[in-house]
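Participant: Chains as they are written, first to last, in the working numbering: chain Z, 1 to 151; chain W, 1 to 134.
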């Protein structure tokens, strides 16, 4: 079971490119028709250098371009089948637009046991910077691990 | 949003079509979240679930869409949710957001928006908030 010794663990940084084709697939999948995401003219009229990404897309970029899928789970010896998403937070500091190249640096910042050890909550905080070194966002995910019952 | 909102105003409201297996397969590819629990019935059953179920982040993507229908993305300072319950196949989701506070931070007028996503039975799937610049 994951314990406090995991706090501070860092994982392989992920470099992700905001590609227009992949972004369009995401927009089509969620039925997003807002022109600000699809029409460069509308995006520029709203003050963006190019089309921005939707609010949750940073989470996807990190997963899509990770060289080791679900690294934080395998590194902490957590079975993927026992994980649920507990909470998710995004803090936005600067725009992220098509063409940007982002770097994600995930790190465990919290481990909490719940329900007498039946569940463990793990918080992974991930600062995100762009190709110019601008800190564009902070992404924080909390996963819930359903621990095996002791037999 | 062209006008200054008031506390209590419901500024976000959007309904989404039922969650299908096809949608989950598309989201698996489009999001990079290849966890089989959302698309592989055998895997989901072995993990103790009766069927596959939605990615929480698909539901949050819908909530984000409802939010940016009302608020230009560049005005969103933060967006957070708790995943209160699993979203099942067939769920018809409604996303709503209500202004709960007007305040100033970092020299900027801001509003706090309480956000929810509920299914057709009224069960809360996501509960969260956004801070937006006015």
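Backbone N, C-alpha and C define an ideal beta-carbon position, used for all residues, glycine too. Since we're looking at a predicted model, the values are computed, not measured.
1) Return yes when the Cβ of residue 63 of chain Z is within less than 8 Å of the Cβ of residue 105 of chain W, no when it is not.
2) Kindly say whether residue 80 of chain Z, judged by its beta-carbon, lies nearer than 8 Å to any beta-carbon of chain W.
3) Would you mind reading off the limits of the beta strand (DSSP E) that contains residue 139 of chain Z?
4) Run the CB neighbour count on residue 151 of chain Z, radius 10 Å, all protein chains shown included, and call it buried at 16 or more, exposed below.
5) Quick one: is residue 38 of chain W buried, meaning 16 or more other Cβ sit within 10 Å of its Cβ, or exposed?
6) Rounded to whole angstroms, how far is the Cβ of residue 121 of chain Z from the Cβ of residue 86 of chain Z, which I believe are closer than 8 Å?
7) Leaving out five residues before and five after residue 37 of chain Z in sequence, what residues of the same chain have Cβ atoms less than 7 Å from its Cβ?
8) Would you kindly work out how many angstroms separate the C-alpha atoms of residue 28 of chain W and residue 93 of chain Z, rounded to a whole number?
9) I'd like the list of long-range same chain contacts for residue 25 of chain W, defined as Cβ closer than 7 Å, with 5 residues on each side in sequence excluded.
10) Nearest by alpha-carbon distance to residue 119 of chain Z: which of Z/5, Z/84, Z/127 is it?
11) Please confirm if residue 65 of chain W has its CB atom under 8 Å from at least one CB of chain Z.
12) As an exercise, report each continuous alpha helix (DSSP H) stretch of at least 4 residues that is fully enclosed by the segment 107–132 of chain Z, in chain order.
Facilitator: Put simply:
1) Indexing the second chain from 1 puts residue 105 of chain W at position 105. Indexing the first chain from 1 puts residue 63 of chain Z at position 63. It is not a contact, given that the beta carbons lie outside the stated cut-off.
2) Counting from 1 along the first chain, the entry for residue 80 of chain Z is found at position 80. Yes, residue 80 of chain Z lies at the interface with chain W (some Cβ there is under 8 Å from its Cβ).
3) Here residue 139 of chain Z refers to the residue found at position 139 of the first chain. Start and end: 135–146.
4) In the first chain, counting from the first residue as 1, residue 151 of chain Z sits at position 151. Its pLDDT being 43, under 50, residue 151 of chain Z is placed unreliably in this model, and the coordinates cannot settle the point.
5) In the second chain, counting from the first residue as 1, residue 38 of chain W sits at position 38. Under this definition residue 38 of chain W is a buried residue.
6) Counting from one through the first chain, the residue named residue 121 of chain Z turns up at place 121. Counting from one through the first chain, the residue named residue 86 of chain Z turns up at place 86. That pair is a contact at about 6 Å.
7) Position 37 of the first chain, counted from the start, is the residue given in the question as residue 37 of chain Z. Correct list, in chain order: 27, 51, 52, 54.
8) For the purposes of this step, residue 28 of chain W is taken as the residue at position 28 of the second chain. For the purposes of this step, residue 93 of chain Z is taken as the residue at position 93 of the first chain. Distance between the alpha carbons of residue 28 of chain W and residue 93 of chain Z: 28 Å.
9) Reading the second chain from its first residue, position 25 is the one you call residue 25 of chain W. Within the same chain, residue 25 of chain W has close Cβ partners 39.
10) Within the first chain, the letter at position 119 stands for residue 119 of chain Z. That would be Z/84, whose Cα lies nearest to the Cα of residue 119 of chain Z.
11) Taking the first residue of the second chain as position 1, residue 65 of chain W is located at position 65. It does; some Cβ of chain Z falls within 8 Å.
12) none
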